[in-house]
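Asks:
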Amino acid sequence: MTVFLVIVLFACLLLAVPIFMSLSLSSILALMTFTNIAPEVMAQRYFGGLDKFGLMAMPLFIFGAQIMLEGGIARKLLSWAKTLVSWLPGGTAFTAHFSCMFFGALCGSSPATVAAIGGVMYPELIKEKYDKGFAVGLISSSASVAILIPPSVTMILYGVATGVSIGSLFIAGIGAGIIYTLVMAIYVYWWVIKQGMTRSENFSIMKFFRATFDAIWALGVPIIIMGGIYTGVFTPTEAAGVSTVYAILVSLFVTREMDFKKLYQVAKSSAALCAQVLILTSAAATFGWLLTVARVPQNAANFVLDSGASQLVFLIFVNVIFLIAGMFMDGSGAVTILAPIIHPLGVALGVNPVQLGVIIVANLAIGMITPPLGLNLFVANGITGVSLTRMIPSVVPFFLVSLIALLIITYVPSITLFLPKLVFPGSF
Amino acid sequence: MSRISHYLDIFEDNIIAICLLLATGMVTLNVILRFFFGAGISWSDELVRYSMILITFVGASVCVRKGSHIAVDFIQIYMNKKQIRILEIFINTVGVIFSVMLTVFSIAIIKRNIEFPQLSPALQIPMYIPYLTIPLGFGLCAIRYTQRIISDISRKEAKQS
């Protein structure tokens, strides 16, 4: 049954059948061929896969991010990031790099970050005579951190698929995201110095204060999200709802870049975007249920335990599996299909479930820039017009550097677990 | 035909937009009530979940119309235009079959629910009402996929003549 399921799934995927349909079709066919379970159950499973309040954080965060893009909040945050780092040599490159991290705190999707930051920073980089390939490579690679920095769509899906607390995952993601960004910043610094760039302006504390004042409304968003979850005032789903309403109010009445008509337009396009990911989630949940019917997770767990693998070997295995998955699948798809299988293995071997989640999400962040299916590259291509063949060689060094960051995140658990231990003492 | 399709577009777009705004408002309202008055609305979570489920299934049809469902489509790099069109007709046909299957399955579930009524825990509505979103969504998907096949085939003929 498992072999049949996998063959049908891969055949469908290869023929470019939409992922949600490939997952469901293979499940329905396997169910009809190998079991006596009535296929009607599929409809019920589809419904059940969505009927979870925790999952609702995802569409709400997607909606919120769209509002912040259209309502001017995102741009305010960008100019704040600029005053923070533009005094460094190669200031524009660093602005692009660090704004990706800050933007990740507003939005939980890497491709959306490429679109937002790339649209503004790419023209500026080109104006300052940066190499085209480097500029595109920088933006598409830096933006991948957005799914490590909370809020994160991928983490929500991981939490829903495995039952790990989404709040803990969010807080653990902060440390991992900062390490990821810093390691890459070292490479950017090296590149900039090699190009012989010098600093063009000095850091001005007055300018910084003024920009902070300007961006105060934008900075409110991450404060609401993390503060609310941290103090236990609300759950991640409620944080998503509240921050979205906050963004709507700021866009309507403070920045005044949005009226009710535009708000409604954004709601329309965001809802379609939400459906695109949600249908995939419910199809994957159905597929995951069928895997448990076929006893795949149990058998895999027994196999790993019997083989006597150590944690060290297991984590290498996880990294390899998810790096490969990231090449061919979107992060949401990979998490929903593979996480329910990998998670029990990790728990059986004594890996901290929150750290395992962060490691997996870090892998998928890298998967955003690895061809053939690297969503960030496609979006960057759409925005800048630089061809994929031109882009890929300049992404390679960023890919190698992010592997170093991945190794640090994997083998130094205290980086990820330091903050959650502080926030939720006792549960770790 | 095209007018019906136009009204369908409007129906789909508006219903998912309204549901998204409703869900967002509902979540926030509930937080405010709980924070300031100590008690939230008990059926708020359920309403939010069911609106999102409606968005998922009706939105799935919107995604078919826009061609925005996520797929692993690198095989198309190795194909010429004619092969891509044949592949598209094949995918859309699979889409019709799949959507019809899911519609039939969900109608069976709904029938059983009407025979043996079951109420949702918080809203106290019969469970077949939220289940109705599945045949609605996949029924729309089936229409959309059929439309795509028709436009694929007619495009092909137009080019040949």
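As you go down the protein sequences, you meet chains A and B in turn.
The letter at position 209 of the first sequence is residue 209 when you use the numbering used here, and the numbering goes up by one with no holes.
The letter at position 68 of the second sequence is residue 496 when you use the numbering used here, and the numbering goes up by one with no holes.
Beta carbons: idealized from backbone N, C-alpha and C, even for Gly.
Predicted, not measured: the structure shown is a model, and the values here were computed from it.
Along the chain, where does the alpha helix (DSSP H) containing THR83 (chain A) start, and where does it finish?
Replies: Run containing THR83 (chain A): 73-85, per the alpha helix (DSSP H) assignment.
Asks: Using C-beta distances below 8 Å, list every residue in its chain close to PRO413 (chain A), excluding the 5 sequence neighbours before and after it, in chain order.
Replies: ASN352 and GLN355.
Asks: Cα-Cα, which of A:LEU375, A:PHE322 and A:PRO344 is closest to VAL304 (chain A)?
Replies: It is A:PRO344 whose Cα lies nearest to the Cα of VAL304 (chain A).
Asks: LEU547 (chain B) by DSSP, collapsed to three states: which one?
Replies: Three-state DSSP puts LEU547 (chain B) in a strand.
Asks: The alpha helix (DSSP H) that contains ARG295 (chain A), what's its start and end?
Replies: Premise fails: ARG295 (chain A) is in no alpha helix (DSSP H) and is neither H nor E.
Asks: Below 8 Å on the Cβ atoms is my contact criterion, and I expect LEU5 (chain A) with ALA30 (chain A) to pass it. Report the Cβ-Cβ distance as a whole number of Å.
Replies: LEU5 (chain A) to ALA30 (chain A), Cβ: 5 Å. Contact.
Asks: If I measure Cβ to Cβ from GLU257 (chain A) and keep anything under 7 Å in the same chain, skipping five residues before and after, which residues do I get?
Replies: Once the five neighbours on either side are set aside, the close Cβ partners of GLU257 (chain A) are GLY71, GLY72 and SER251.
Asks: What would DSSP say about PRO371 (chain A), mapped onto helix, strand or coil?
Replies: Coil at PRO371 (chain A), not helix or strand.
Asks: Is it the case that the Cβ atoms of LEU430 (chain A) and THR484 (chain B) are separated by a distance below 8 Å?
Replies: There is no way to answer for residue 430 (chain A), as the model of chain A reaches only from 1 to 428.
Asks: What did DSSP end up calling ALA143 (chain A) once you bin it into helix, strand or coil?
Replies: Three-state DSSP puts ALA143 (chain A) in a helix.
Asks: Quick check: THR2 (chain A) and ALA294 (chain A), are their CB atoms within less than 8 Å of each other?
Replies: Against a cut-off of 8 Å, the Cβ pair of ALA294 (chain A) and THR2 (chain A) comes out as a contact.
Asks: Less than 8 Å between the beta carbons of PRO397 (chain A) and TYR187 (chain A), yes or no?
Replies: Going by C-beta atoms, PRO397 (chain A) is nearer than 8 Å to TYR187 (chain A).
Asks: For the region 466-484 of chain B, list every residue whose C-beta sits within 7 Å of some C-beta in chain A, in sequence order.
Replies: Cβ contacts with chain A come from ASP473, VAL476, ARG477, MET480, ILE481, ILE483 and THR484.
Asks: Among A:ILE316, A:GLU201 and A:LYS82, whose alpha-carbon lies nearest the alpha-carbon of MET101 (chain A)?
Replies: Closest by alpha carbon: A:LYS82.
Asks: For ILE409 (chain A), which residues in the same chain have their Cβ closer than 8 Å to its Cβ, ignoring the five residues on either side in sequence?
Replies: Once the five neighbours on either side are set aside, the close Cβ partners of ILE409 (chain A) are ALA176, ILE179, TYR180, VAL358, ILE359, ALA362, ILE415 and THR416.
Asks: Take PHE218 (chain A) as the anchor and find which of A:GLY104, A:MET368 and A:THR336 has the nearest alpha-carbon.
Replies: This sequence places Ala at residue 218 (chain A); Phe is not what is there. Residue A:GLY104 is the option with its Cα nearest to ALA218 (chain A).
Asks: Against chain A, with Cβ distances strictly below 8 Å, would SER459 (chain B) count as a contact?
Replies: The sequence as given places Val at residue 459 (chain B); Ser does not occur at that position. True, the Cβ-Cβ gap to chain A drops below 8 Å.
Asks: What in chain B is Cβ-close to SER24 (chain A), meaning under 8 Å?
Replies: Within 8 Å Cβ-Cβ: PHE526 and LEU530.
Asks: Since I believe THR113 (chain A) is in contact with ALA146 (chain A) (beta carbons under 8 Å), could you give me their beta-carbon distance rounded to a whole number of angstroms?
Replies: That pair is a contact at about 4 Å.
Asks: Sort A:ALA43, A:LEU60, A:LEU375 and A:ILE193 by Cα distance to ILE535 (chain B) and report the nearest one.
Replies: Nearest of A:ALA43, A:LEU60, A:LEU375 and A:ILE193 to ILE535 (chain B), Cα basis: A:ALA43.
Asks: Hey, is VAL245 (chain A)'s beta-carbon within less than 8 Å of any beta-carbon in chain B?
Replies: Chain B contact via Cβ: present.
Asks: Consider the Cβ of LEU448 (chain B): report whether some Cβ of chain A lies at a distance smaller than 8 Å.
Replies: Chain A contact via Cβ: present.
Asks: With DSSP as the reference, please indicate the residues paired to PRO393 (chain A) in a beta bridge.
Replies: PRO393 (chain A) is not bridged to any residue.
Asks: According to DSSP, simplified to helix, strand and coil, what is PRO563 (chain B)?
Replies: Note: PRO563 (chain B) maps to helix in three-state DSSP.
Asks: Closer than 7 Å by beta-carbon distance: list the chain B residues that pair up with GLU40 (chain A), in chain order.
Replies: Result: PHE533, ALA536 and ILE537.
Asks: Ignore the nearest five residues each way along the sequence and tell me which others in VAL423 (chain A)'s own chain have a CB closer than 7 Å to its CB.
Replies: ILE171 and TYR230, listed in sequence order.
Asks: Quick one: Cα of ASN381 (chain A) to Cα of LEU388 (chain A), how far?
Replies: Roughly 7 Å separates the two Cα atoms.
Asks: For LYS494 (chain B), go through chain D and note every residue whose CB falls closer than 8 Å to its CB, in chain order.
Replies: No chain D is present in this structure, whose protein chains are A and B.
Asks: Just to confirm my understanding: we take PRO549 (chain B), look at its own chain, exclude 5 residues before and 5 after, and list those with CB closer than 8 Å. What are they?
Replies: Cβ within range, chain order: GLU474.
Asks: In or out: SER589 (chain B) buried (at least 16 other Cβ within 10 Å) or exposed?
Replies: Confidence is the limiting factor: at SER589 (chain B) the pLDDT is only 43, short of 50, which leaves the residue's position unreliable, though a coordinate-based value still follows. Exposed, by the Cβ-count rule.
Asks: Figure out for me which residue from A:PHE287, A:ILE341, A:LEU280 and A:PHE317 has the closest Cα to the Cα of ALA300 (chain A).
Replies: Closest option to ALA300 (chain A), Cα to Cα, is A:ILE341.
Asks: So, at 6 Å on beta carbons, what are the nonlocal neighbours of ALA239 (chain A) in its own chain, with the 5 sequence-adjacent residues on each side left out?
Replies: Excluding residues within five positions, the ones whose Cβ falls inside 6 Å are ILE225, GLY228 and ILE229.
Asks: Could you tell me which whole alpha helix (DSSP H) segments of length 4 or greater appear in the region 465-494 of chain B?
Replies: If we require 4 residues or more, the alpha helix (DSSP H) runs fully inside the region 465-494 of chain B come out as 472-494.
Asks: Would you grab the beta carbon distance between ALA325 (chain A) and GLY367 (chain A) for me? Rounded to a whole angstrom, and I think it's under 8 Å.
Replies: So it is a contact: roughly 7 Å between Cβ atoms.
Asks: Work out the CA separation of SER307 (chain A) and PHE317 (chain A) for me, nearest whole Å.
Replies: Approximately 13 Å, taken between the alpha carbons.
Asks: Does the distance from the CB of ILE519 (chain B) to the CB of VAL17 (chain A) come in under 8 Å?
Replies: In contact: ILE519 (chain B) and VAL17 (chain A) (Cβ atoms closer than 8 Å).
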